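Trainee:
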Amino acid sequence: MTSAPAAGFDLATTGVQALRTMSLIREFERRLPGYAERDLIRGSTHPSVGMEAVAVGVSLALGPHDSIASNHRGHAHCLARGADPARTLAEIFGRSDGYCGGKGGSMHIAVRELGILGTNGIVGAGIGLATGAALAASLKGTDEVAVAYFGDGASNQGVLGESLNLAAIWHLPVVFVCENNHYAQSASIERMVAQLHISARGTAYGVESVDVDGMDVVAVNEAATAAVKRARAGGGPTLIVADTYRYLGHMAADTQIYRESTEVDAWRTKDPIAALARLLTSSGHLTEQDLTRIQRDAARAMDEAKAFAVNSPPPPADSAFADVYADAGEQTR
Ligand SMILES: Cc1ncc(C[n+]2csc(CCOP(=O)(O)OP(=O)(O)O)c2C)c(N)n1
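Taking the working numbering, the leading residue of the sequence shown gets 6, the next gets one more, and so forth.
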C-alpha cells in the first residue's frame, strides 16, 4: 500500500510524475528478457521489475547537481535520474548512440551531465564511488549530495563498512540506499546474513539509519528527502534500507529454482505501481482513462526507444581504443 503523503510530497505533481516514471521503467525492464532472447543484447542484463519505487522515490529527492553511483541492476536508477530511454537502450544493445558509445553496455552506463557515475558490474563498487564523490563535494565546499545504490548481497562487501565509517567521521554528504530485494543472485538473505536488519550496520558505525517500505514510493521519497536535506546541510550520511522485491529472475537466463512462485505472487500483490495508481485515482488526481494513457505513453516511448536503438550502428572497430583514458586536462565534475 502507498502511504498518504505528509506535506512536501504533492500528489498532483510529484505523485503523477512518479507514476509516469515508474511505468516507463516497468515497460523498459519487462521487455529486456525478450530482447536478450532475440540476441539484441549480448551478455547479461538484470531487470528490476517490482523495485521501481526505490529508484524513483530517491531520484525525486535529488537536485540537478547531485550524483548517483549504481550497480549491475541499474537501468531504473538511470531512467529515474532522467536518462533518455532510447540512448540507455542503445547502450544496452551495444550501439554507437548509447550513452557510452555502445562500449559499456548494461553494466557501464555513465552519464556525466546527469551525475550518473555509472552502473557497475562489481558488486559493492558503487558504494566507494559515491562516498568518493561525497568527499569531493565536501572538499570543494559545494552542497552536492551523492547516492550509492546497492543490494542486500552487496551489504556484505567490506567496502560498505569502510565507506560508512569514513562517511560518518567526515560527515560526508552521501546517502547509502540498500535495495533489499531478499536475494543475492540465487542466495536468499536468510542464508547469507545473520543480522537481517541491515540498517543495524549503519547504526553500528554511527550513521543515521532508517528502514523503509521499498514498495511505497511516497515513503521512499520522504526518507530520501530527509536524508538529502541532512546531507546538504552538513549533517552527514544516512543509510536507507528499502524492503523490496524483484519479480523477474536475477537475469534473463535465471530458472529461479531457488524460490517458490507463490512467494513472487505474494509480493506482486504489493505492487508499487498499482498501489500508487490506486492512491492517485482514489484521491481524485487521476482517472482510469489517465492511467490507460500513462501506460500507453510508456509503451510508445519504449517502441520509439527500440526503433532508435536497433537503427543505431555498432561502434566502428577503429574506435576501440578511443575513450579508454580521459583526455589530458579534462575537467572532472
Ligand atoms: C565483487 C563481485 N562478486 C560477485 C559478483 C557476481 N554477482 C553479480 S550480481 C550478484 C548478486 C548481488 O546481489 P545484490 O547485491 O543483493 O543485488 P541484486 O542482484 O539482488 O540486485 C553477484 C554475487 C560480482 N559481479 N562482483
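Just so it is clear, CB atoms sit at the ideal spot from N, CA and C, and this is done for glycine as well.
All values derive from a computational prediction rather than experimental measurement.
Taking only three categories from DSSP, how would you classify Val-164?
Mentor: Here Val-164 sits in helix by DSSP.
Trainee: Give me the DSSP bridge partner(s) of Phe-155.
Mentor: Answer is Cys-183, bridged to Phe-155.
Trainee: Using the C-alpha atoms, what's the distance from Gly-55 back to Glu-265?
Mentor: For Glu-265 and Gly-55, the distance between alpha carbons rounds to 16 Å.
Trainee: Ligand 1 and Ala-159: does the residue's C-beta get closer than 7 Å to at least one heavy atom of that ligand?
Mentor: Result yes, Cβ under 7 Å from ligand 1.
Trainee: Please report the distance separating the alpha-carbon of Ala-95 from that of Arg-31.
Mentor: Going from the Cα of Ala-95 to the Cα of Arg-31 covers about 17 Å.
Trainee: Would you say the beta carbon of His-255 is closer than 7 Å to some non-hydrogen atom of ligand 1?
Mentor: Flag set: Cβ of His-255 near ligand 1.
Trainee: What three-state label does DSSP hand Tyr-104 in the structure shown?
Mentor: Looking at Tyr-104 - three-state DSSP - the assignment turns out to be coil, as it is neither helix nor strand.
Trainee: Are the Cβ atoms of Ser-288 and Ser-101 separated by less than 8 Å?
Mentor: Contact: no.
Trainee: For the region 33 to 114, list the alpha helix (DSSP H) runs that are entirely contained and at least 4 residues long, ordered along the chain.
Mentor: Runs found: 57 to 64, 80 to 85 and 90 to 97.
Trainee: Quick one: using the 10 Å Cβ neighbour count with 16 as the cut-off for buried, is His-80 buried or exposed?
Mentor: By the neighbour-count rule (16 or more Cβ atoms within 10 Å), His-80 is buried.
Trainee: What number of angstroms, rounded off, separates the C-alpha of Ala-304 from the C-alpha of Ala-257?
Mentor: Roughly 20 Å between the two C-alpha positions.
Trainee: Can you tell which of Val-128, Ala-282, Thr-7 and Pro-178 has its C-alpha closest to the C-alpha of Lys-145?
Mentor: Nearest C-alpha to Lys-145: Pro-178.
Trainee: Could you check the C-alpha separation between Leu-285 and Asp-295 for me, to the nearest Å?
Mentor: Leu-285 and Asp-295: Cα-Cα distance of roughly 10 Å.
Trainee: I'd like to confirm the pairing. Which residues does DSSP put opposite Ala-192 in its beta bridges?
Mentor: Beta-bridge pairing links Ala-192 to Ala-189.
Trainee: Using a threshold of 7 Å, is the CB atom of Val-164 nearer than that to any non-hydrogen atom of ligand 1?
Mentor: No.
Trainee: Around the C-beta of Gly-239, are 16 or more other C-beta atoms found within 10 angstroms, so that it is buried, or is it exposed?
Mentor: Gly-239 comes out exposed.
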